[in-house]
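J.: Dropping a structure here in structure tokens format, bear with me for questions.
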């Protein structure tokens, strides 16, 4: 009997078995209308009774660009006797949805499958059910499924057990996960000493990776690294789990070190590796390594799509090379909201508010709808440039025209914008009228503005709120103490420090990095652990002497230390960034651009200079400065300023230049 069914390009006759040809025609559907027409033909001809055909319709509804889970569900429920393949398909569709309701529905459907009794689950049924348990955090149901796995005899199936371990890991039940892991990959001798079963080493890399990922999710990097080191065999996924885990949790040096170890081990980085390590490179300011990764992607034909392209834009901008970031953006074959957001944020970071605004308007011309992240970028640009009215206009446009509900990050940008402009009362009023409870980030922005504009009364009030919200965070105590110190109120300074001492709160030590010839060097305050410590010490003394000869007097008002002026000045001399600069000076030739990155309160800065003679000078505050690179020329002296944290503090470098053009504008 000939089978006739619809094809978007016309009617096609088939004399072969329907199930062998029909699924191919499904993939030719371009629109939801095409699929529904084809489905109608299947129903009319009876082809939909074929399990393979029905399953392909369900899968196409769920995973194609014409995604429609409701339609997939309807197709399944119209089947009189779905076989195991059809059950597994709809369970997978529901389990992999991002909607928790669908995951709960998958569990209810699985119960129905068991109660019906006509179809028994197989090894492909349980992974989808376990995924639904994990993603919906349904541990109780997960344990019940564990029992069914044993009952149906799949407790020796590596595919099923891997998914069972993953379920326990995602539910943070590491003890049960570890027990299953041990049963799968190790044997125990009479004294319970663990010995790796050599016969099964090669087949359990997935299980090892799941366990490592579980420890990373819980922030237990010591256990994760121990497991990683014990692995008999590692895949590229093993390396990616460690690199992304380190990078996402603020262990940037460890992420980069792991990436370099990966290369030494002759494991080729893939797309996921590059996307994972680039954020760490951005935070450390390792421009040379970032350039290498960019070249590696091109040489190995790794697709620079919206995600990798945006990561490269972010990396170049945070490493100080905004022009290179713009080049990457302009060369992207396709641009979407992710890539536009990246370049707008890059302009904002570099103080190029006009460019950020221009590119914001280009988004609409490109047919891309701005999203909430886009508005965070443009509001940040307005904040950094002091464009109060423009910022208000964009905020209003987001709400009234685009119809987006402001997130707490948008309110944070507006508080920052108003605070920097000195409109402290307006900023405080905005916080009071927010539809959600303000977090510590919002209040820190206002506290920084209070310090900047020396509003001690409001600063005290805001600091008290911060101390209640985050009682063990040193940032608010230090900011309040510095505010008192800048006004010469030493009694109040002593009171804050006594309170910190009583609560055992300590100021986080500064840490700075400098990249020299592709190698990242890390320095702490008063760090003398480097092999070239004596040379660094000599350079610090030379820098200090040249500063004094040029009339510099250290600003010791905000040195968080009970000591005389001489000791305070010495403390300033051994700041981590100054040690990093000294090391850079003894390690590079003249005119080599140094990039010093300092991590303070989870924020990064990059200090740059074209060095003939370089001096670091204390701290500086100015109302409109925030992560911006300024250059002004006074006679033959170039002043480079860049902000290092949200409260307006900055490190200043004086570089005596005989030719103005010697100053490296972009690197």
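Residue numbers (full-length UniProt numbering): 1 to 667.
Every residue, glycine too, gets a C-beta built ideally from N, C-alpha and C.
1) Mapping DSSP to helix, strand and coil, what is residue 524?
2) Would you list, in sequence order, the uninterrupted alpha helix (DSSP H) runs of no fewer than 4 residues that lie entirely inside the UniProt repeat "PPR" (204-234)?
3) Using 8 Å for Cβ pairs, my map puts residue 228 next to residue 238. What's the rounded Cβ distance?
4) Can you tell me the Cα-Cα spacing of residue 285 and residue 506, whole angstroms?
5) Can you tell me whether residue 523 is buried or exposed? The criterion is at least 16 other CB atoms within 10 Å of its CB, across all chains shown.
6) Going by DSSP, what residue range makes up the alpha helix (DSSP H) through residue 284?
7) So who's on the other strand from residue 541, going by DSSP bridges?
8) Between the alpha carbons of residue 98 and residue 413, how many angstroms are there, rounded?
9) Taking just the CA atoms, how far does residue 380 sit from residue 514?
10) Assuming residue 171 is part of the alpha helix (DSSP H), what are its boundary residues?
11) Please report the residue range of the alpha helix (DSSP H) in which residue 100 lies.
12) Report the option in 255, 459, 43, 595 whose CA atom is closest to the CA atom of residue 276.
13) Quick one, which of 392, 408, 350, 444 has its alpha-carbon nearest residue 384's?
14) Thinking just about the alpha-carbon of each residue, which of 447, 86, 233, 319 is nearest to the one in residue 122?
15) May I ask you to report which of helix, strand or coil DSSP gives residue 404?
16) Expressed to the nearest angstrom, what Euclidean distance is found between the alpha-carbon atoms of residue 466 and residue 499?
17) With a 10 Å radius around its C-beta and 16 neighbouring C-beta atoms as the bar for buried, classify residue 416 as buried or exposed.
18) Does the beta-carbon of residue 378 have 16 or more other beta-carbons within 10 angstroms, so that it is buried, or is it exposed?
19) Would you report the Cα separation of residue 441 and residue 314, rounded to the nearest angstrom?
20) Just the Cα atoms here: how many angstroms apart are residue 664 and residue 476?
21) DSSP has residue 516 in a bridge; who is on the other side?
22) Measuring CB atoms only, is the stretch 155-173 touching the stretch 213-220, in the sense that at least three cross pairs come out at less than 8 Å?
23) Going by alpha carbons, who is nearest to residue 290 out of 263, 300, 268, 318?
24) Are there 16 or more other CB atoms within 10 angstroms of the CB of residue 487, so buried, or fewer, so exposed?
25) Here's the rule I'm using: 16 or more other beta-carbon atoms within 10 Å means buried, otherwise exposed. How should residue 44 be labelled?
26) Return the chain-ordered list of same chain residues with a C-beta closer than 7 Å to the C-beta of residue 336, the five sequence neighbours on each side being excluded.
27) Would you say the beta carbon of residue 82 comes nearer than 8 Å to a heavy atom of the ligand SAH?
28) What is the C-beta distance between residue 579 and residue 527, in whole angstroms, given that I count them as a contact (C-beta under 8 Å)?
29) Can you tell which of 328, 333, 397, 386 has the C-alpha that lies nearest to the C-alpha of residue 361?
30) When you compare only the Cα positions, how much space is there between residue 643 and residue 598?
31) Going by C-alpha distance, which of 283, 272, 236 is nearest residue 249?
32) Look at the Cβ atom of residue 175, then the Cβ atom of residue 118, and state whether they are nearer than 9 Å.
33) How about residue 262 and residue 246: do their beta carbons lie closer than 9 Å?
34) Quick one, which of 411, 394, 437, 436 has its alpha-carbon nearest residue 426's?
35) Do you know how far the Cα of residue 388 is from the Cα of residue 356?
T.: Well, looking at it:
1) Within the chain shown, numbered from 1, the residue matching residue 524 stands at position 524. It is a strand residue.
2) 205-217, 221-230
3) Mapped onto the chain shown, residue 228 falls at position 228. Mapped onto the chain shown, residue 238 falls at position 238. At roughly 6 Å, the Cβ-Cβ gap stays under 8 Å, so residue 228 and residue 238 are in contact.
4) Sequence index remark: in the chain shown, residue 285 carries index 285 (1-based). Sequence index remark: in the chain shown, residue 506 carries index 506 (1-based). Those two C-alpha atoms are separated by around 27 Å.
5) Reading the chain shown from its first residue, position 523 is the one you call residue 523. Counting Cβ neighbours within 10 Å, residue 523 comes out buried, since at least 16 surround it.
6) For this step, residue 284 is matched to residue 284 along the chain shown. Residue 284 -> alpha helix (DSSP H) spans 271-284.
7) For the purposes of this step, residue 541 is identified with residue 541 of the chain shown, where counting begins at 1. Note: residue 541 sits in no beta bridge, so no partner.
8) Locating residue 98 in the chain shown gives position 98, where the first residue counts as 1. Locating residue 413 in the chain shown gives position 413, where the first residue counts as 1. Answer to the nearest angstrom: the Cα atoms are 29 Å apart.
9) As a first step, residue 514 must be located in the chain shown, where it is residue number 514. As a first step, residue 380 must be located in the chain shown, where it is residue number 380. Going by the C-alpha atoms only, they are around 27 Å apart.
10) Position 171 of the chain shown holds residue 171. No alpha helix (DSSP H) contains residue 171, which DSSP labels as neither H nor E.
11) For this step, residue 100 is matched to residue 100 along the chain shown. 100-116 is the extent of the alpha helix (DSSP H) around residue 100.
12) The residue labelled residue 276 in the question sits at position 276 within the chain shown. Out of 255, 459, 43, 595, 255 has the C-alpha closest to the C-alpha of residue 276.
13) Numbered from 1 along the chain shown, position 384 holds the residue referred to as residue 384. With distances taken between Cα atoms, residue 384 lies closest to 350.
14) Position 122 of the chain shown, counting from 1, holds the residue named residue 122. Ranking the options by Cα distance to residue 122, first place goes to 86.
15) If you number the chain shown from 1, residue 404 lands on position 404. In the structure shown, residue 404 sits in coil (DSSP, three-state: anything other than H, G, I, E or B).
16) For the purposes of this step, residue 466 is identified with residue 466 of the chain shown, where counting begins at 1. For the purposes of this step, residue 499 is identified with residue 499 of the chain shown, where counting begins at 1. If I take the Cα positions, the gap works out to 14 Å.
17) Locating residue 416 in the chain shown gives position 416, counting from the first residue. Classification of residue 416: buried, given that the 10 Å Cβ count is 16 or more.
18) For the purposes of this step, residue 378 is taken as residue 378 along the chain shown, with counting starting at 1. Its Cβ being crowded by 16 or more others within 10 Å, residue 378 is buried.
19) The sequence position of residue 441 within the chain shown is 441, counting from 1. The sequence position of residue 314 within the chain shown is 314, counting from 1. The straight-line gap from Cα to Cα measures roughly 22 Å.
20) Stepping through the chain shown from its first residue, residue 664 is reached at position 664. Stepping through the chain shown from its first residue, residue 476 is reached at position 476. Reliability fails at residue 664, whose pLDDT of 32 lies under 50, so the model's placement of it is uncertain and no value is given.
21) Taking the chain shown and counting its residues from 1, the one referred to as residue 516 is at position 516. Paired residue(s): 519.
22) yes
23) Looking up residue 290 in the chain shown gives position 290. Among 263, 300, 268, 318, the Cα nearest to that of residue 290 is on 318.
24) Residue mapping note: residue 487 aligns to position 487 of the chain shown, counting from 1. Classification for residue 487: exposed.
25) Indexing the chain shown from 1 puts residue 44 at position 44. Residue 44 should be labelled exposed.
26) The residue you call residue 336 lines up with position 336 of the chain shown. Closer than 7 Å at the Cβ level, and outside the excluded window around residue 336, lie 306, 368.
27) Among the ligands in the structure shown, none appear at all, so the ligand SAH cannot be discussed.
28) Within the chain shown, residue 579 is the residue found at index 579, counting from 1. Within the chain shown, residue 527 is the residue found at index 527, counting from 1. The Cβ separation is near 6 Å, so the contact holds.
29) Reading the chain shown from its first residue, position 361 is the one you call residue 361. Comparing Cα positions, the closest option is 397.
30) Indexing the chain shown from 1 puts residue 643 at position 643. Indexing the chain shown from 1 puts residue 598 at position 598. For residue 643, the predicted model reports a pLDDT of 32, less than 50, meaning its position is unreliable; a value from the coordinates is still stated below. Those two C-alpha atoms are separated by around 10 Å.
31) By one-based count along the chain shown, residue 249 stands at place 249. Residue 283 is the option with its Cα nearest to residue 249.
32) Residue numbering aside, residue 175 sits at position 175 when the chain shown is read from its first letter. Residue numbering aside, residue 118 sits at position 118 when the chain shown is read from its first letter. Taking 9 Å as the Cβ cut-off, residue 175 and residue 118 do not qualify as a contacting pair.
33) Locating residue 262 in the chain shown gives position 262, where the first residue counts as 1. Locating residue 246 in the chain shown gives position 246, where the first residue counts as 1. Result no, Cβ atoms of residue 262 and residue 246 do not sit closer than 9 Å.
34) Position 426 of the chain shown, counted from the first residue, corresponds to residue 426. It is 411.
35) Along the chain shown, read from residue 1 onward, the residue named residue 356 stands at position 356. Along the chain shown, read from residue 1 onward, the residue named residue 388 stands at position 388. Using only the alpha carbons, I get a separation of about 15 Å.
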